[in-house]
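These notes are about the structure you will find just below.
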Amino acid sequence: MQISMLAPEIEIALLGLLLLVLGLLLPHKGRGIMGTVTFLGLVIALLLSAAGFGQEEALFNGVYQADSYGSFFKLLFILAGLLVVLSGSAYIQRLGRRANEFYSFLVFALLGMVVMAAAGELITLYIGLELMTISFYILTAYLLNNELSVEAGLKYLILGAISSAVLLFGISLVYAVSGTTVISEIAGHMQFQPAMVAGIILMIAGFAFKLSLVPFHMWAPDIYQGAPIPVTAFLAVGSKAAAFAAFVRVFMLALPLPQFEWGLVLAVLAACTIILGNLVALVQTDIKRLLAYSSIAQAGYILVGMVAGNEYGLKGVLFYAMLYVFSNLGAFAVATAVEVETGSTSIEAFKALGKRSPMLAAIMTVCLLSLAGIPPLAGFVGKFYLFSGAIGAGYLWLAFVGLLMSMVSVYYYLMVAKAMYIGTNDDMTPIKPDTSTRVALWICLAATVLIGVYPAPLSALAQTAIQLF
Amino acid sequence: MNWPILSLTLFMPLIGAIIIMTLHREREQAIKYVAAGATLVSLILSLVVAIGYDRSLGGIQFVESIPWTADLGVTYALGVDGISIPLLLLTTLIGFSAVYASWNISERVKEFFSLLLILITGVMGTFLTTDLFIFFLFYEVVVIPIYLMVIMWGSSKRVTKEYAGMKLTIYLLIGSAFLLVGLIALFVQSMAVNGAPSMDLMTLAQTEFSQSFQVFVFALMAFGFGTLLSMFPFHAWSPDGYAGAPTAVSMIHAGVLKKIGGYGLIRIGIMILPAGAQVIAPIIAVLALGNVIYAAFICLSQKDLKYIVGYSSVSHMGYVLIGIAALNLVSINGAVIMMFAHGVMAALFFAMIGNLYEKSHTRNVDDFGGLAHQMPRLATGFMIAGLASLGLPGMVNFIGEFTIFVGAFSSFKVLTIIAVSGIIFTALYILRTLGNVLFGPRKEKWDHLQDLKGPEMVPLLVLGAAIIIGGIMPFTLMDLINNGVGSLISQAGLMQIGGIL
């Protein structure tokens with residue numbers, strides 16, 4: 027066993043601790059460098075996990091897996107973290123002296139995600155999950171003087187704790203039946219009995235909550251709206267991808283489809299999620315809530331790939347999760363820039379953005395259209411993989427539902443575009459985002475377009491990562 | 000041919016759009032010249048392709064092929080044959096004219112011309128590619144620029160431009176959702192049959208699909224492409240959309256974009272799914288009759304010039320659909336040439352209406368009268384478009400309609416006879432409209448209107464020339480089309496009937 031396999035995890039943990047200490051030690055004026063330190067630390071983590079990509083090894087008797095699948099998600103989380111830090115720095119600076127811990131919690135949440143994706147055992151997975159969600163509880167309630175934020179934090183804490191309990195109960199039942207918590211060994215020790223069915227259902231419910239699948243989605247919009255916007259962005263992208271990483275690993279390895287028929291259950295969940303998420307998004311007037319419902323729907327699409335459970339479907343899950351980082355964070359980065367400037371996230375604030383800042387408006391449009399699955403942007407290719415998988419697995423009806431609803435989603439995405447391009451605003455001062463936001467925006471735009479036009483590299487990467495199954 | 004002439008033709012407008020994006024927004028003249036230059040180069044290159052195409056050899060020529068995404072079987076593959084060349088020419092002709100028809104745009108010039116050029120590239124790409132995935136990619140690329148152009152530069156008359164734009168977008172997207180399901184099903188099924196992923200149209204055409212699968216997928220395509228081609232009863236987006244859209248968008252939409260529907264039905268539907276086509280075709284033929292007759296009746300009661308042309312284009316698409324549905328060499332030949340003919344005609348019509356509306360701020364037929372006194376050149380444009388529309392011999396539209404009816408008669412006797420009556424209604428509403436707008440006593444209140452001059456003449460000259468040359472020398476296009484359709488039909492193994500015109 028080589029400890030160097032854990033280099034990214036160790037580096038991220040150290041970074042989190044370093045940020046805590048730096049926040050205490052640095053004089054008030056020097057704290058401007060916190061963002062830079064976080065950024066550099068994450069870049070190192072990114073390089074470390076990129077270097078480790080392709081290695082396959084089980085550490086601690088299979089408790090922790092250093093494999094391509096985990097590495098793919100590690101890259102994804104760290105990229106998401108980097109983009110959030112870049113695009114959110116102007117916003118985080120406004121938090122004043124509490125900005126230090128903010129970075130630190132962000133990094134710990136990231137560590138939790140990484141552990142979730144690489145956990146080879148259910149308890150480790152649970153620890154990663156708790157590390158991530160507890161950091162998010164704090165981050166959600168970070169605007170202490172803002173009622174919405176505090177309410178969101180409390181809601182998230184209560185509902186999150188219940189769902190964790192449900193998940194844990196499911197895990198314990200599975201353990202009771204199989205006698206092991208190591209994911210790869212469970213399948214061999216399972217026999218069909220009511221406790222096992224209950225265990226699977228509880229685990230599905232637990233994960234469904236984290237993924238905000240209908241009908242476990244109620245928490246998401248309020249929390250997305252109340253949380254500080256960089257947190258919302260990270261929550262929407264990172265937390266969801268982490269839950270998917272764990273969900274897919276557990277269900278594909280421990281409860282393989284041919285043996286346990288969970289496909290149809292998830293297919294129904296996916297269909298409900300896609301339909302409800304998109305329909306409710308149609309009437310939203312706040313961009314954060316709109317993106318919250320849209321991200322509920324997006325989780326539904328990703329779930330389609332898992333329902334299919336075949337090569338194209340699983341590749342689609344990874345592919346989509348990655349492009350979702352760029353497209354969704356691009357949209358959030360624009361929303362962050364607008365909120366920093368106007369203090370509002372209602373669609374009203376986006377009116378005439380096409381004149382106030384053509385770049386922001388263009389990037390917002392491109393990112394939203396990518397989420398809607400309009401070619402030649404990344405989202406289209408992602409959906410193509412997901413629904414090829416679904417049709418290949420015989421879920422033709424699901425493909426109909428998914429593709430029809432994704433065309434419906436164009437309506438509310440275009441409503442934002444309409445506000446930006448033909449709305450009129452009393453305040454016509456140009457919006458000039460700071461350099462780091464601009465960098466993040468350009469990265470998101472470039473990735474969204476490039477992945478869409480030339481998907482081969484990302485699809486090869488996803489192909490390597492799913493060799494596990 | 001060593002240099003990638005098709006890629007150059009295709010991406011020239013896009014390059015123009017990128018150049019425009021780098022120009023300062025105040026330099027409006029420069030932006031317009033770049034747009035005109037890019038589309039002109041594209042037009043010339045497409046003429047080179049049309050002339051350079053070796054008719055004795057036939058088949059797909061000027062092939063370019065670069066592997067793109069292996070696991071989806073996608074290849075960046077371009078190539079043209081006798082069916083795509085006329086439509087390529089149509090695109091570049093209308094694209095070039097559309098730039099000049101928008102010469103007087105003064106608001107957000109930079110955004111307008113970059114979106115317009117992206118739109119032209121998107122439309123052209125669908126006709127040039129021989130890869131199903133790339134086809135769909137280009138097809139959907141066009142929808143969003145159109146929405147943005149309608150809401151930013153459109154006009155609100157009977158319906159608001161926001162309504163028109165959204166209606167158009169949602170109709171087309173819903174149609175394309177069904178199309179996409181069909182396309183993915185085709186991809187998955189062909190992978191199961193062939194053992195390897197492929198999106199190449201030729202490979203898919205040689206794959207043996209079961210009849211029930213073909214019927215299912217063809218039905219989805221008929222719905223998707225039918226919506227795009229404004230097949231009755233999915234046509235409602237078309238008149239409202241054209242009425243709300245700015246002139247250039249109406250021109251491109253009615254002129255070329257709709258034709259992607261017909262092209263897709265022929266190229267993807269009939270070629271890949273011949274057995275499915277044979278089952279669904281009679282249904283399409285009956286619906287097409289709805290287009291021809293129902294839309295013509297609506298035209299009779301319209302007052303707004305754009306609505307008249309909008310519904311008349313729905314009506315004319317009925318002929319194209321009947322031609323496609325008859326599934327024989329002559330009728331499909333007719334459908335292709337009709338698509339070309341209707342394209343140039345509709346674009347010319349919309350260019351003239353746009354010009355008139357810009358100057359008079361009304362499109363109501365009753366407001367006009369005797370315009371031929373003040374605007375003789377504009378009246379000429381209206382007359383050419385109008386007479387082409389009613390299928391006067393000597394215009395290219397006559398060739399199209401005649402060929403379609405000759406071909407379709409052998410497949411659907413009664414339907415064809417009813418459809419021919421559409422010509423009478425067309426003559427009725429077109430002649431009445433032209434008479435009310437152009438002729439009669441001079442009206443003083445329009446004395447201030449300036450006739451076409453300078454750049455405004457370009458659409459009239461280019462499109463008018465295409466209509467008349469195509470009408471007098473139909474063999475220029477007909478040989479080409481016959482060549483392409485012939486090989487497609489032998490490919491699809493359909494019953495071959497008769498020679499050509």
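Chains X and Z, in that order, give the protein sequences.
First residue of the first sequence: 27, per our numbering; consecutive thereafter.
First residue of the second sequence: 0, per our numbering; consecutive thereafter.
Note that CB positions come from ideal geometry on N, CA and C, so glycine has one too.
Where residue i meets chain X, residues with beta-carbon distance less than 9 Å
i        : result
Z/ALA69  : ALA482, SER485 and ALA486
Z/GLU161 : LYS444 and ILE448
Supposed contact pair residue j and residue i - C-beta distance, whole angstroms, cut 8 Å
i        : j        : result
Z/LEU200 : Z/LEU127 : 12 Å between Cβ atoms; not a contact.
Z/LEU185 : Z/VAL216 : 6 Å
X/MET46  : X/SER161 : First, the residue type needs correcting, since residue 46 of chain X is Leu and not Met in the sequence shown. Not really, about 12 Å apart at Cβ, beyond 8 Å.
Z/LEU22  : Z/ALA29  : 6 Å
X/GLY478 : X/ALA425 : So it is not a contact: roughly 20 Å between Cβ atoms.
X/ILE313 : X/THR371 : 5 Å
Z/MET250 : Z/SER96  : 7 Å
Z/GLY390 : Z/GLY254 : Wrong, their Cβ atoms sit about 18 Å apart, outside the cutoff.
X/GLU147 : X/THR64  : Actually they do not touch by this definition, with Cβ atoms about 30 Å apart.
Residues near residue i in its chain [Cβ-Cβ closer than 6 Å; skip 5 each side]
i        : result
Z/VAL214 : GLY275 and VAL278
Z/ALA324 : ALA280, ILE283 and ALA284
Z/SER45  : THR8, LEU87, LEU88 and THR91
Z/LEU228 : LYS257, GLY260, GLY261 and MET316
Z/MET190 : PRO196
X/ALA259 : VAL110, LEU355 and PHE358
X/ALA491 : SER94, TYR95, PHE98 and LEU344
X/GLN28  : none
X/SER462 : LEU112 and SER115
X/ALA443 : THR391
Neighbourhood of residue i by C-beta distance below 7 Å, restricted to the same chain and skipping five residues each side
i        : result
X/ASP93  : GLU82 and LEU494
Z/LEU505 : No answer is possible for residue 505 of chain Z: it lies beyond the span of chain Z, which begins at 0 and ends at 500.
Z/ILE499 : Any reading at Z/ILE499 is ruled out, since the residue's pLDDT is 38, under 50, leaving its predicted position unreliable.
X/LEU74  : ALA33, PRO34 and GLU37
X/TYR327 : ILE300, TYR346, LYS409, LEU412 and GLY428
Z/LYS302 : ASN363, VAL364 and ASP365
Z/ILE18  : VAL33
Contacts of residue i in chain Z (Cβ-Cβ under 9 Å)
i        : result
X/ALA425 : LEU179, VAL180, ILE183 and ALA184
X/ILE400 : GLU139, VAL140, VAL142, ILE143 and LEU172
Cross-chain neighbours of residue i in chain Z, by beta carbon under 7 Å
i        : result
X/GLY418 : VAL187
X/SER94  : Those do not exist, as X/SER94 stays about 16 Å from chain Z at its closest Cβ, beyond 7 Å.
X/SER414 : ILE183, PHE186 and VAL187
X/LEU316 : Residues of chain Z passing the Cβ test: none, with the nearest at roughly 17 Å.
Per-residue contacts from residue i into chain Z (C-beta, under 8 Å)
i        : result
X/LEU471 : Residues of chain Z passing the Cβ test: none, with the nearest at roughly 13 Å.
X/MET385 : By Cβ distance, chain Z contributes nothing, its closest Cβ being about 11 Å from X/MET385, past 8 Å.
X/MET433 : ILE169, LEU172, ILE173, SER175 and ALA176
Contacts of residue i in chain X (Cβ-Cβ under 8 Å)
i        : result
Z/ILE331 : Going along chain X, no residue has its Cβ under 8 Å from Z/ILE331, so there is no contact; the nearest lies around 28 Å.
Z/SER135 : The sequence given here places Phe at residue 135 of chain Z; Ser does not occur at that position. Residues of chain X passing the Cβ test: PRO401.
Z/ILE321 : Near Z/ILE321 there are no residues of chain X at all, since even the closest Cβ is about 29 Å away, more than 8 Å.
Within chain X, partners of residue i - CB distance below 7 Å
i        : result
Z/ALA244 : Under the 7 Å cutoff, chain X gives no residues; its nearest Cβ is about 14 Å from Z/ALA244.
Z/ALA384 : Near Z/ALA384 there are no residues of chain X at all, since even the closest Cβ is about 31 Å away, more than 7 Å.
Proximal residues to residue i (C-beta, below 8 Å), its chain only, five neighbours per side dropped
i        : result
X/PRO241 : CYS298
Z/SER6   : GLU63 and LEU77
Quiz prompt | Contact set between the stretch 137-151 of chain Z and chain X, restricted to residues whose Cβ is under 9 Å from the partner | solution = PHE137, TYR138, GLU139, VAL140, VAL142, ILE143, TYR146, LEU147, ILE150 and MET151
Self-check item: Selection of the stretch 437-461 of chain X by Cβ proximity to chain Z, strictly under 8 Å
Solution: Answer in chain order: TYR437, LEU440, ALA443, LYS444, TYR447 and ILE448.
Quiz item: Okay, do the stretch 286-295 of chain Z and the stretch 373-390 of chain Z touch, 3+ Cβ pairs below 8 Å being the bar?
Solution: no
Practice problem: With 7 Å as the C-beta to C-beta threshold (strictly closer), list the residues of the stretch 92-124 of chain Z near chain X in chain order. | Solution: none
Quiz item: Should the stretch 286-295 of chain X be regarded as contacting the stretch 402-413 of chain X, the criterion being three or more beta carbon pairs within less than 8 Å?
Solution: no
Practice problem: Please name the residues in the stretch 452-465 of chain Z whose beta-carbon is closer than 9 Å to at least one beta-carbon of chain X, in chain order. | Solution: none
Quiz prompt | Contact the stretch 339-355 of chain X vs the stretch 229-247 of chain X: 3+ CB pairs below 8 Å | solution = With the cut-off at 8 Å, the stretch 339-355 of chain X and the stretch 229-247 of chain X do not touch.
Practice problem: With 7 Å as the C-beta to C-beta threshold (strictly closer), list the residues of the stretch 191-225 of chain Z near chain X in chain order. | Solution: none
Practice problem: Decide yes or no for the touch test of the stretch 431-448 of chain Z against the stretch 362-373 of chain Z: beta carbon pairs closer than 8 Å, at least 3 of them. | Solution: yes
Exercise. Could you say if the stretch 383-396 of chain X and the stretch 139-155 of chain X meet the contact criterion of at least three C-beta pairs nearer than 8 Å?
Key: no
Quiz item: Three or more C-beta pairs closer than 8 Å, one from the stretch 223-232 of chain X and one from the stretch 182-194 of chain X: is that the case here?
Solution: Touching, yes, given that three or more Cβ pairs across the two stretches are closer than 8 Å.
Quiz item: At a cut of 8 Å, does the stretch 207-215 of chain X reach the stretch 266-284 of chain X through at least three beta carbon pairs?
Solution: yes
Quiz item: For the stretch 33-44 of chain Z against the stretch 463-471 of chain Z, are there 3 or more C-beta pairs whose distance is under 8 Å?
Solution: Touching, no.
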